[in-house]
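A.B. asks: Got a structure for you, written out below as C-alpha cells; questions coming shortly.
In the numbering used here, the protein residues as written are 801 to 881.
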C-alpha cells in the first residue's frame, strides 16, 4: 500500500497589478475599487489621466454633458398688428 497523500492544489490568488505597461506594482484595495474612466485600475503613481495616456475623451464628454444640460431657448415670433 502506498501512503502517498493526494496533491492539494493551493489556490492561486494573484494580486492585481497596475495596468500601466512596465509597472508591476501591486494594487491596494482602494486602488482596485477606484477605476479610471477608461475602466482600468492603476497604482497611485499612474492614476491620473496624464500619467497613463488615458484613451478616454474628456473633452467630448464635457461637450455632451453641457449640451444636454443647457436648455435651448427660442422666442415666439412677434405677431404683426
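All C-beta atoms, glycine included, are put in the ideal place defined by N, C-alpha and C.
Predicted model only: the values in this text are computed from it and were never measured.
#1: Given a threshold of 16 other Cβ atoms within 10 Å of its Cβ, counted over all protein chains shown, does residue 848 qualify as buried or as exposed?
#2: At the level of alpha carbons, what is the spacing between residue 834 and residue 871?
#3: Taking C-alpha atoms, which residue in 857, 856 and 820 lies nearest to residue 841?
#4: Spatial neighbours of residue 846 within its chain, please: CB distance less than 7 Å, with the 5 preceding and 5 following residues excluded, ordered by chain position.
#5: Can you list, in chain order, the residues of its chain with a C-beta nearer than 6 Å to that of residue 862? Leave out the 5 residues immediately preceding and following it.
#6: Determine, using beta carbons only, whether residue 855 and residue 843 come nearer to each other than 8 Å.
#7: Alpha carbon to alpha carbon, how far is residue 869 from residue 814?
C.D. replies: Reading off the structure:
#1: Taking the first residue of the chain shown as 1, we reach residue 848 at position 48. By the 10 Å Cβ count, residue 848 comes out exposed.
#2: Residue mapping note: residue 834 aligns to position 34 of the chain shown, counting from 1. Residue mapping note: residue 871 aligns to position 71 of the chain shown, counting from 1. Rounded to whole angstroms, residue 834 to residue 871 spans 33 Å at the Cα level.
#3: Mapped onto the chain shown, residue 841 falls at position 41. Among 857, 856 and 820, the Cα nearest to that of residue 841 is on 820.
#4: The residue labelled residue 846 in the question sits at position 46 within the chain shown. For residue 846, where only same-chain residues beyond five positions count, the Cβ hits under 7 Å are 818, 820, 823 and 852.
#5: Locating residue 862 in the chain shown gives position 62, counting from the first residue. Nothing listed; no residue qualifies.
#6: The count along the chain shown starts at 1 and reaches residue 855 at position 55. The count along the chain shown starts at 1 and reaches residue 843 at position 43. At a Cβ-Cβ threshold of 8 Å, residue 855 and residue 843 do not count as neighbours.
#7: Walking along the chain shown from the start, residue 869 turns up at place 69. Walking along the chain shown from the start, residue 814 turns up at place 14. Whole-angstrom Cα-Cα distance: 43 Å.
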